[in-house]
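*Asks:* Before I ask anything, here is the structure I am working with.
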Amino acid sequence: MTHLLIEPAQEGREDLAAYRARGGYAGLEAARTRGSGWVLEQVTRAGLRGRGGSGDGRPIGQKWQRVAASRVPERYVVANAAESQAVSRKDRYLLARFPHRVLEGLLIAAQALGAREAYLYVRGDSPEALDGARDAVAEAGAAGLLGGVSVTVQPSAPTAVSGEETAILDALEGLEGYPQPKPPRPEEIGLRGRPTLVQNAESLAAVAALFRLGVDRVRAVGTPTCPGTALFTVTGAVDRPGVYEVPHGTPLAQLLALAGAPPREEILAVLPGGLGSGPLRPDELDVPLTYEDLAALGSSLGNSAVVVFRRADATLPDLVRENVALLARGSCGQCRGCREGHEGLLRALEAGDATEARRRAEVLLYGRGNCAFPTGTARFALRALQEFPAFARP
């Protein structure tokens, strides 16, 4: 199995010496030597896709180019490792075990965009990730690797929307930490009104791998539209839950086999991208793990948290209701449509009214609010109602 982002054999945290022995920070040195234009060209040419929870897979180069195009000289860069869903642990795993890989990517971004301030925004109830981030910053600083960039490790609140990019900026400014309307996007008007790159922690580790290994090596893995590898948190009814790295385009069934999932006939459903992704039937598990292939099934890579449900443990109606109830509790309540939409959807599901549940999801949740949270709930519910007719009660 090809590994670009992690070293599975690594015992404990990879410190600075171990990372540098594997070529770490050579990419940062090249970025500083060859300049911002070269860095932006490499990131764009590589075609890496964002690994954040929204699941849209926007090309990383597009975000970087938007910040670089601004005439405002003061910019900021933020690594997002908030991971608001408990089922997702890949970013916290990276910072707990391989923090320098995220930090190097963050420093490369700061170099490319001319940022003098950077933030590592880490889920606040994950002491291992916070310690890893702080230790990496201290080690890099002592070794003279920060290059004049001020790097702050900032704990996040463990809420369902804490990882949304505008909510992060709101929190960094000392406010409530609520998602804000878009446009403008953070790349245009972000932290303190300045252009800001908010990039998922795994995305930044992928950037570090790109500059450590080169464009051709990275593009040789994965698919033409989804190059490289990705990290997946596999949980639920599996024998070996954990974080796995596989190339983009790997069949979901192959990933499930690595984690020790039960036979297909024992599987009720699989969520491929967290609680807000559309559930997949057992006969759909050969789908390649790419943004496009999952979108074609009405699902999403989301936060790459794969959750497996066994037939013996739950019925589909129970699964749908319990997941929507969990999502409803996670709504920050700021947007009326999200708040009332979740409540109405849950009431319809509890009444066994599939028609009303579908209407609530389509009208009140999908595409509503200041963030993607209600759309994720709608995607989950609509896919379940459409593809799993067992939900509808007689």
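If you count the sequence shown from 1, you need to add 24 to reach the numbering used here. Note that CB positions come from ideal geometry on N, CA and C, so glycine has one too. These figures come from a predicted structure and were not determined experimentally.
Mind checking who THR253 pairs with in its DSSP beta bridge?
*Replies:* In DSSP, THR253 forms a bridge with PRO271.
*Asks:* Compute the Euclidean distance between the alpha carbons of TYR315 and ASN327, then round it to the nearest angstrom.
*Replies:* 11 angstroms
*Asks:* Going by beta carbon distance, what residues of the same chain come within less than 7 angstroms of SER324, once the five residues before and after it are set aside?
*Replies:* GLY79, GLY297, SER301, GLY302, LEU318, ARG403
*Asks:* Taking its Cβ as the centre, do 16 or more other Cβ atoms sit within 10 Å of ARG353, making it buried, or is it exposed?
*Replies:* Answer is exposed; the Cβ neighbour count stays below 16.
*Asks:* What separation, rounded to the nearest whole angstrom, lies between the Cα atoms of LEU406 and VAL348?
*Replies:* Rounded to whole angstroms, LEU406 to VAL348 spans 11 angstroms at the Cα level.
*Asks:* Among residues of its own chain, excluding the 5 on either side of VAL111, which ones have a beta-carbon nearer than 7 angstroms to its beta-carbon?
*Replies:* THR257, THR259, GLY298, LEU299, ALA329, VAL331
*Asks:* For a test of the three-state rule: what should DSSP assign to GLN178, helix, strand or coil?
*Replies:* strand
*Asks:* Report, in whole angstroms, the separation of the C-beta atoms of THR253 and VAL245, which I expect to be a contact under 8 angstroms.
*Replies:* 6 angstroms
*Asks:* Kindly indicate which three-state DSSP category PRO341 falls into: helix, strand or coil?
*Replies:* helix
*Asks:* Where does GLN34 fall in DSSP's three states?
*Replies:* Annotated three-state conformation of GLN34 is coil, per DSSP.
*Asks:* If you reduce the DSSP assignment to three classes, tell me which class THR399 lands in.
*Replies:* helix
*Asks:* Cβ atoms of TYR145 and SER174: under 8 angstroms apart, would you say?
*Replies:* At a Cβ-Cβ threshold of 8 angstroms, SER174 and TYR145 do not count as neighbours.
*Asks:* DSSP three-state label for GLY266, please.
*Replies:* strand
*Asks:* Please name the residue in ALA166, ALA225, ALA136, LEU170 whose C-alpha comes closest to that of GLY187.
*Replies:* ALA225
*Asks:* Any idea what DSSP makes of ARG407, helix, strand or coil?
*Replies:* helix
*Asks:* Anyone know if the C-beta pair for ALA103 and LEU64 falls short of 8 angstroms?
*Replies:* no
*Asks:* In this structure, does DSSP put PRO286 in helix, strand or coil?
*Replies:* coil
*Asks:* Contact defined as beta carbons within less than 8 angstroms: I believe ARG335 pairs with GLU411. What is the distance between those atoms, to the nearest angstrom?
*Replies:* Contact doesn't hold; Cβ gap of about 16 angstroms is too wide.
*Asks:* Using C-beta distances below 8 angstroms, list every residue in its chain close to LEU196, excluding the 5 sequence neighbours before and after it, in chain order.
*Replies:* VAL102, TYR143, TYR145, GLN178, LEU215
*Asks:* Just verifying my parser: in three-state terms, what is the DSSP assignment at GLU333?
*Replies:* A small correction: the amino acid at residue 333 is Phe; Glu does not occupy that position in the sequence shown. Note: PHE333 maps to strand in three-state DSSP.
*Asks:* State the DSSP-derived secondary structure class of THR259, mapped to helix, strand or coil.
*Replies:* strand
*Asks:* So what's ASN347 in DSSP terms, helix, strand or just coil?
*Replies:* helix
*Asks:* According to DSSP, is LEU313 part of a helix, a strand, or is it coil?
*Replies:* coil
*Asks:* For the alpha helix (DSSP H) containing ILE192, name the first residue and the last one.
*Replies:* DSSP places ILE192 in the uninterrupted alpha helix (DSSP H) bounded by 189-196.
*Asks:* What's the call for PRO210, buried or exposed, on a 16-neighbour Cβ count within 10 Å?
*Replies:* PRO210 is buried by the Cβ-count criterion.
*Asks:* For ALA416, which residues from the same chain have a beta carbon less than 7 angstroms from its beta carbon, with the 5 sequence-adjacent residues on both sides left out?
*Replies:* In this predicted model, ALA416 has a pLDDT of only 46, less than 50, meaning its place in the structure is not dependable; the value taken from the coordinates is given anyway. Here the set comprises ALA378.
*Asks:* Since GLU141 is in the beta strand (DSSP E), which residue starts that stretch and which ends it?
*Replies:* 141-147
*Asks:* In this structure, does DSSP put ALA103 in helix, strand or coil?
*Replies:* strand
*Asks:* By DSSP, does PRO83 sit in helix, in strand, or in coil?
*Replies:* strand
*Asks:* What's the gap between the Cα of ASP307 and the Cα of ILE291?
*Replies:* ASP307 and ILE291: Cα-Cα distance of roughly 10 angstroms.
*Asks:* What are the boundary residues of the alpha helix (DSSP H) that includes VAL173?
*Replies:* Segment: none, VAL173 is in no alpha helix (DSSP H) and carries neither H nor E.
*Asks:* Give the secondary structure of VAL294 by DSSP, where H, G and I count as helix, E and B as strand, and everything else as coil.
*Replies:* strand
*Asks:* Please report the straight-line C-alpha distance between VAL67 and GLU374, rounded to a whole angstrom.
*Replies:* Their backbone Cα atoms lie some 48 angstroms apart in a straight line.
*Asks:* If you follow the beta strand (DSSP E) that LEU221 is part of, which residue opens it and which one closes it?
*Replies:* Residues 220-224.
*Asks:* Run the CB neighbour count on VAL96, radius 10 Å, all protein chains shown included, and call it buried at 16 or more, exposed below.
*Replies:* exposed
*Asks:* For a test of the three-state rule: what should DSSP assign to ARG392, helix, strand or coil?
*Replies:* coil
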